[in-house]
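Working notes for the structure below.
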Amino acid sequence: AVVPVNAPLTTNDDLPAGTFSRIVDQEVVRGLLLRALDPKGGEMRIRVSPTLIEFESASLRFTSLLLEGRYPAYERVIPAQTEININVNRVDLLTMVTRADILMGGGKDAVRVQLQFKDGALEVSAQNETGENYVEEMDIDYVGPDARTTYNVNYLIDALSNRSEETLCFGIDSAHPGQVSRALLTSDASAGFAAVVMAM
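Going by our numbering, 21 is the number at position 32 of the sequence shown; the sequence numbering is gapless.
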């Protein structure tokens, strides 16, 4: 994830002051977030060298190696526009896809879950190796062409369970059969949030 940090920044002579882009291991970020809840408050200073990054506050100094390489151009996988946009109840959809995962997968291979958007309803369906089917519907405010997409249920669960909002906008960039359709989850309550789930 790319997170803008509002903090004083100093660098050595090899790096320009101001905006910078470096890759930090996710475990370092998790550790930093746990330790950055500084009871004394105050500012955090970030120092960057070609190989190290250091975070320092009133009661914390945290230093880590930077990872080598270029950060991927993640913006290219985020759909610029979506053909279908539907507000869905996050908890209801999460419950449905989790139920499909439990009933059809049982913890084995990733379940392929199909979402079908039709007038007034979102249908979630899945099938397991023995031919058993799971189908469940939820009411949605949608009027438009039927659209069907299939996703790895684990990726949907991850995207939905890492939010707290009651409602998310579920967008699909292509409703045409045969075209790869990405799901774009956004939130009116959190302007910086966007989750992309690639179709199978």
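Ideal Cβ positions, reconstructed from N, Cα and C, are used throughout, including at glycine.
Is residue i near residue j, with beta carbons less than 9 Å apart?
i: Asn76; j: Asp130; result: yes
i: Ser53; j: Ile35; result: no
i: Val190; j: Tyr140; result: Missing from the structure shown is residue 190; the chain here goes from -10 to 189 and no further.
i: Val113; j: Glu121; result: no
i: Ser271; j: Leu157; result: Since the first residue shown for the chain is -10 and the last is 189, residue 271 is missing from the structure and cannot be characterised.
i: Arg137; j: Gln105; result: yes
i: Ile12; j: Gly58; result: yes
i: Ser163; j: Glu45; result: no
i: Gly160; j: Asn74; result: yes
i: Val142; j: Ala89; result: yes
i: Arg101; j: Met189; result: yes
i: Ala180; j: Leu173; result: no
i: Leu49; j: Val37; result: no
i: Gly20; j: Phe51; result: yes
i: Ala99; j: Asp128; result: no
i: Asp108; j: Val132; result: yes
Which residues bound the beta strand (DSSP E) around residue i?
i: Thr138; result: Ala136 to Asn141
i: Gly181; result: Ser179 to Val186
i: Gly133; result: Premise fails: Gly133 is in no beta strand (DSSP E) and is neither H nor E.
i: Glu125; result: Asn122 to Asp128
May I ask you to list the residues that DSSP assigns as paired with residue i?
i: Gln103; result: Ser114 and Thr139
i: Ala172; result: Ile161 and Val186
i: Ile12; result: Leu56
i: Thr119; result: In DSSP, Thr119 forms no bridge with anything.
Please decide whether residue i counts as near chain B, where near means a Cβ-Cβ distance under 9 Å.
i: Val37; result: The chain labelled as chain B is not found in the depicted structure, where only one protein chain is given.
### Message
With three or more beta-carbon pairs closer than 8 Å as the criterion, would you say the region 69 to 89 touches the region 134 to 146?
### Response
yes
#### Entry: Entirely enclosed alpha helix (DSSP H) segments - the region 38 to 100, minimum 4 residues
The region 38 to 100 is shown to contain whole alpha helix (DSSP H) runs of 4 or more residues at 79 to 93, in chain order.
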